[in-house]
Amino acid sequence: MNKKWTALLLAGAMTATLLTGCGGGGQQGGADPNAASGGDGVVTINYPTFQCGVNTAAPVVAKLVEEFNEQYAGKYQIKLEEVPGDANYVDKIKVQLGTGDLPPVVYGAGYNLLDLALAKDVVVDLTEYVNADPEWKALYSDAALTTNSRDGKIYASSVEGSVVGYFYNKDLFAQAGIQEPAKTWDEFFQQCDKLKAAGITPLAMDTADSAWVTQLWWGAMVATSGDEGLKFMQTMNPTDYNFPAMEEAAEKIQKMLKEYTTLDAIGGKYEHAANNFMSGQAAMIANGPWMIGDFSDTSKTTEDFAEKVGSAIYPDSFVYDAPIQGYFVTKQDDPKVQEAAIEMVKFFTSAHAQQLGLEMQGMVPASSTVEVSAEAKSKYPLLVEFLDQAAGATVRTDNMQATMFSNLLDVVSQELPRLYSGELDAKGFCQALTDAAAKNQ
């Protein structure tokens with residue numbers, strides 16, 4: 129997610145962290161205890177984020193920061209630190225977990241950062257704060273509670289749901305004689321062959337930055353393979369990737385990388401995949417509704433591109449459906465910073481914030497109590513179309529990236545090019561993931 133998902137100069141970022149007090153201004157890591165509070169008494173929340181630049185959520189986050197700073201003027205102020213690229217952001221948080229110099233607010237996103245932070249005992253228990261605020265508590269569905277709670281305690285708060293399928297170019301489908309999205313995986317691969325025969329690249333894919341787009345295709349094939357694959361996809365932090373359905377899906381990903389995608393997919397990031405789809409260089413891309421806003425953004429594509437795009441759930445009636453792990457507050461030496469951080473998380477996950485994301489970018493709210501407004505329906509008819517399709521899906525899970533151990537994100541990006549080249553076969557690829565997962569035991 130979001131879904132998804134540009135290089136960070138880590139040394140420079142760490143230097144910036146020290147200069148700006150990005151650890152929350154407490155005494156952790158030797159930071160100046162007064163760094164977070166200016167002489168005017170305003171408490172600064174230094175907030176690193178990958179939702180910047182070309183990231184689809186960047187406009188929403190920028191607007192929320194603007195509104196928060198206006199509402200809490202003279203009391204709290206958020207200062208953004210832009211960290212382009214999801215993988216760079218994850219690496220940065222991991223470094224800060226090691227130094228104990230975490231920012232006051234961390235966005236768990238689809239990378240299960242919450243459990244990494246809980247293992248270090250640096251996360252604030254939000255249970256009493258959520259229970260004391262009926263409006264905030266009402267935004268937690270059962271699924272959101274499961275995603276953001278551990279052992280009966282609430283540690284995070286979600287703003288966005290992750291209902292994810294794929295998009296296709298209707299004009300390119302028509303050129304290949306394809307009338308509608310595939311109902312089965314056999315039909316899907318037949319359609320890829322038809323597109324290829326018509327001189328059209330079937331798929332926009334990636335391998336870098338955890339291979340968000342590619343993992344969506346991969347996970348969907350595993351989830352629909354049978355009971356063993358579905359159980360795996362429903363397991364948090366699975367350790368064994370050596371089973372037939374996973375190996376068969378890896379073989380198909382190898383085929384997709386070799387035969388059905390662009391050359392720049394190998395080593396390419398999400399941005400490359402998105403550009404290939406929106407420039408008409410590929411017929412399909414797996415991604416969530418947050419991408420819908422980009423289809424009508426003329427700075428990224430042509431004026432009529434949105435009219436060419438159709439939406440679909442995956443073959444065998446599958447859709448990804450789970451709240452995205454939310455924002456959590458880290459323990460700070462300065463109680464004022466911690467208090468400010470809680471207010472930020474509450475603001476960023478409020479019904480207003482969820483409605484804002486929906487209407488600005490087509491993001492699906494985490495809470496079912498936030499309805500798709502008439503404005504959003506009018507602005508994003510493709511969103512309405514997709515949500516109607518998703519409602520009929522019979523198989524649902526979270527995405528693979530959200531449930532795997534976080535160290536596997538880099539392993540996937542390292543090993544996919546080797547799978548493509550044939551240096552690894554499907555069994556070797558799955559063994560590499562199993563070996564990496566074992567390092568967490």
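If you're matching positions, the sequence shown starts at 129 in the numbering used here and goes up one per residue.
All C-beta atoms, glycine included, are put in the ideal place defined by N, C-alpha and C.
In this text, all values refer to a predicted model and were calculated from it rather than measured experimentally.
- Query: Excluding five sequence neighbours on each side, which residues of the same chain lie with their C-beta closer than 6 angstroms to the C-beta of P366?
  - Reply: Taking the sequence shown and counting its residues from 1, one reaches residue 366 at position 238. For P366, the CB contacts under 6 angstroms within the same chain, skipping 5 residues up- and downstream, are F360 in chain order.
- Closest to S495 by CA distance: which of K380, N197, A336 and N276 is it? For this step, residue 495 is matched to residue 367 along the sequence shown. Between S495 and the set K380, N197, A336 and N276, the nearest pair of CA atoms involves N276.
- Task: Mind checking which residues open and close the alpha helix (DSSP H) that includes N197?
- Result: For the purposes of this step, residue 197 is identified with residue 69 of the sequence shown, where counting begins at 1. Counting along the chain, the alpha helix (DSSP H) containing N197 begins and ends at A186 to Q199.
- Message: Here's a check: name, in chain order, each residue in its chain whose Cβ is nearer than 6 angstroms to the Cβ of S353, leaving out the five neighbours to either side.
- Response: Looking up residue 353 in the sequence shown gives position 225. Excluding residues within five positions, the ones whose Cβ falls inside 6 angstroms are A373.
- Item | Among P187, Y200, S549 and G228, the one whose alpha carbon lies nearest that of K386 | Residue 386 sits at position 258 when you count from the first residue of the sequence shown. Looking at the Cα atoms, S549 is the closest of the given residues.
- Query: Should G490 go down as buried or exposed, given a rule of 16 or more other Cβ atoms within 10 Å for buried?
  - Reply: Stepping through the sequence shown from its first residue, residue 490 is reached at position 362. G490 counts as buried, since no fewer than 16 other beta carbons sit within 10 angstroms of its beta carbon.
- N-terminal and C-terminal residue of the beta strand (DSSP E) that E209 is part of: Here the question's residue 209 lines up with position 81 in the sequence shown. Y204 to E210 is the span of the beta strand (DSSP E), which, as asked, contains E209.
- Message: Can you confirm whether the region 319-337 touches the region 514-526 when touching is taken to mean that 3 or more C-beta pairs between the two stretches lie within less than 8 angstroms?
- Response: Taking a cut-off of 8 angstroms on C-beta distances, the region 514-526 does not touch the region 319-337, as fewer than three cross pairs fall below it.
- Item | Exposure label - K567; buried when at least 16 CB within 10 Å | For the purposes of this step, residue 567 is taken as residue 439 along the sequence shown, with counting starting at 1. Its Cβ having fewer than 16 others within 10 Å, K567 is exposed.
- Task: Ignoring anything shorter than 3 residues or poking outside the region 370-424, list the beta strand (DSSP E) runs there in chain order.
- Result: The region 370-424 contains, as complete beta strand (DSSP E) runs of 3+ residues, the segments 412-415 (chain order).
- Sequence-distant residues of the same chain with beta carbon closer than 7 angstroms to Q156, five excluded per side: Along the sequence shown, one-based indexing puts residue 156 at 28. Per-residue confidence for Q156 stands at a pLDDT of 36, beneath the threshold of 50, marking its modelled position as unreliable; the derived number appears in the next sentence. By the criterion of a C-beta distance shorter than 7 angstroms, Q156 is surrounded in its chain by G228, D229 and D461, once the five residues flanking it on both sides are discounted.
- Continuous beta strand (DSSP E) stretch holding N297: start and end: Taking the sequence shown and counting its residues from 1, the one referred to as residue 297 is at position 169. For N297, the uninterrupted beta strand (DSSP E) run begins and ends at G289 to N297, by DSSP.
- Item | Y257, enclosing alpha helix (DSSP H) - first and last residue | Taking the first residue of the sequence shown as 1, we reach residue 257 at position 129. First-last of the alpha helix (DSSP H) with Y257: T255 to N259.
- Could you have a look at G556 and say whether DSSP puts it in helix, strand or coil? Taking the sequence shown and counting its residues from 1, one reaches residue 556 at position 428. Assigned with DSSP and collapsed to three states, G556 falls in helix.
- Query: So, E198 versus P176, is the Cβ gap smaller than 8 angstroms?
  - Reply: For the purposes of this step, residue 198 is taken as residue 70 along the sequence shown, with counting starting at 1. For the purposes of this step, residue 176 is taken as residue 48 along the sequence shown, with counting starting at 1. Contact flag unset, no.
- Can you tell me whether DSSP reads D449 as helix, strand or coil? Taking the sequence shown and counting its residues from 1, one reaches residue 449 at position 321. DSSP places D449 in strand when its eight states are reduced to three.
- Query: So is E435 buried or exposed if we call it buried at 16+ other beta carbons inside 10 Å?
  - Reply: Position 307 of the sequence shown holds residue 435. Answer is exposed; the Cβ neighbour count stays below 16.
- Query: Going by Cα to Cα distance, which pick from V250, K248 and L273 is closest to N259?
  - Reply: In the sequence shown, residue 259 corresponds to position 131, counting from 1. Comparing Cα-Cα distances from N259 to each of V250, K248 and L273, the minimum goes to L273.
- Task: Determine the DSSP secondary structure at Y574, reduced to helix, strand or coil.
- Result: Past the edges of the chain, shown from 129 to 569, lies residue 574, and the structure says nothing about it.
- Task: To the nearest angstrom, report how far apart Q569 and T531 are at their CA atoms.
- Result: Within the sequence shown, the letter at position 441 stands for residue 569. Within the sequence shown, the letter at position 403 stands for residue 531. Spanning the two alpha carbons is a distance of roughly 16 angstroms.
- Proximity to D270 [Cα-Cα], best of G293, Y294 and A450: Within the sequence shown, residue 270 is the residue found at index 142, counting from 1. Relative to the Cα of D270, the nearest Cα in the group G293, Y294 and A450 belongs to A450.
- Query: Is L344 closer than 8 angstroms to V291 when the C-beta atoms are compared?
  - Reply: In the sequence shown, residue 291 corresponds to position 163, counting from 1. In the sequence shown, residue 344 corresponds to position 216, counting from 1. For the 8 angstroms CB-CB criterion, V291 and L344 do not form a contact.
- Message: Suppose contacts are defined by Cβ-Cβ distances below 8 angstroms. Is V171 in contact with K203 by that definition?
- Response: Along the sequence shown, one-based indexing puts residue 171 at 43. Along the sequence shown, one-based indexing puts residue 203 at 75. Taking 8 angstroms as the Cβ cut-off, V171 and K203 qualify as a contacting pair.
- Rank N370, K324, A377 and K464 by C-alpha distance to the C-alpha of A411 and give the top, closest one. In the sequence shown, counting from the first residue as 1, residue 411 sits at position 283. Closest option to A411, Cα to Cα, is K324.
- Message: Let me confirm a value: H480 is counted as buried when at least 16 other C-beta atoms fall within 10 Å, else exposed. Which label applies?
- Response: Here residue 480 refers to the residue found at position 352 of the sequence shown. Burial state of H480 is exposed, judged by a 10 Å Cβ sphere holding fewer than 16 other Cβ atoms.
- Query: To the nearest angstrom, how far is it from the Cα of A245 to the Cα of I173?
  - Reply: Locating residue 245 in the sequence shown gives position 117, counting from the first residue. Locating residue 173 in the sequence shown gives position 45, counting from the first residue. Our two residues, A245 and I173, have alpha carbons roughly 18 angstroms apart in a direct line.
- Query: For the beta strand (DSSP E) that contains A237, what are its first and last residues?
  - Reply: Along the sequence shown, one-based indexing puts residue 237 at 109. Note, A237: beta strand (DSSP E), V233 to A237.
- Query: If we ignore side chains and look at the alpha-carbon of each, how far apart do L484 and K428 end up?
  - Reply: In the sequence shown, counting from the first residue as 1, residue 484 sits at position 356. In the sequence shown, counting from the first residue as 1, residue 428 sits at position 300. If I take the Cα positions, the gap works out to 21 angstroms.
- Buried versus exposed, by CB contacts within 10 Å (16 or more), K131: Position 3 of the sequence shown, counted from the first residue, corresponds to residue 131. Residue placement at K131 is flagged as unreliable, the pLDDT there being 39, under the threshold of 50; a coordinate-derived value is accordingly withheld.
- Item | Close Cβ partners of K555 (< 7 angstroms) along its chain, the five nearest in sequence each way excluded | Looking up residue 555 in the sequence shown gives position 427. For K555, same chain residues with a beta-carbon under 7 angstroms away, outside a window of 5 residues either side, are E375 in chain order.
- Query: Leaving out the 5 sequence neighbours to the left and right, which residues in its chain are closer than 8 angstroms to C320 when beta-carbon positions are compared?
  - Reply: Walking along the sequence shown from the start, residue 320 turns up at place 192. Correct list, in chain order: P330, L331, M384, E387 and Y388.
- Applying the criterion that 16 or more other CB atoms from any shown protein chain within 10 Å of the CB defines a buried residue, is P463 buried or exposed? Within the sequence shown, residue 463 is the residue found at index 335, counting from 1. Per the 10 Å Cβ criterion, exposed.
- Query: Opposite N174 in the DSSP bridges: which residues?
  - Reply: As a working note, residue 174 is residue 46 in the sequence shown. In DSSP, N174 forms a bridge with K207.
- Take the Cβ of A247 as the centre, count every other Cβ of all protein chains shown within 10 Å, and call the residue buried at 16 or more, exposed below. In the sequence shown, counting from the first residue as 1, residue 247 sits at position 119. By the neighbour-count rule (16 or more Cβ atoms within 10 Å), A247 is not buried but exposed.
- Message: Just to confirm before moving on: does the CB-CB distance between A237 and I470 stay below 8 angstroms?
- Response: Numbered from 1 along the sequence shown, position 109 holds the residue referred to as residue 237. Numbered from 1 along the sequence shown, position 342 holds the residue referred to as residue 470. Not a contact, by the Cβ cut-off of 8 angstroms.
- Message: What residue range does the alpha helix (DSSP H) around T531 cover?
- Response: Here residue 531 is taken as the residue at index 403 of the sequence shown, counted from 1. Per DSSP, T531 belongs to the alpha helix (DSSP H) from M528 to T531.
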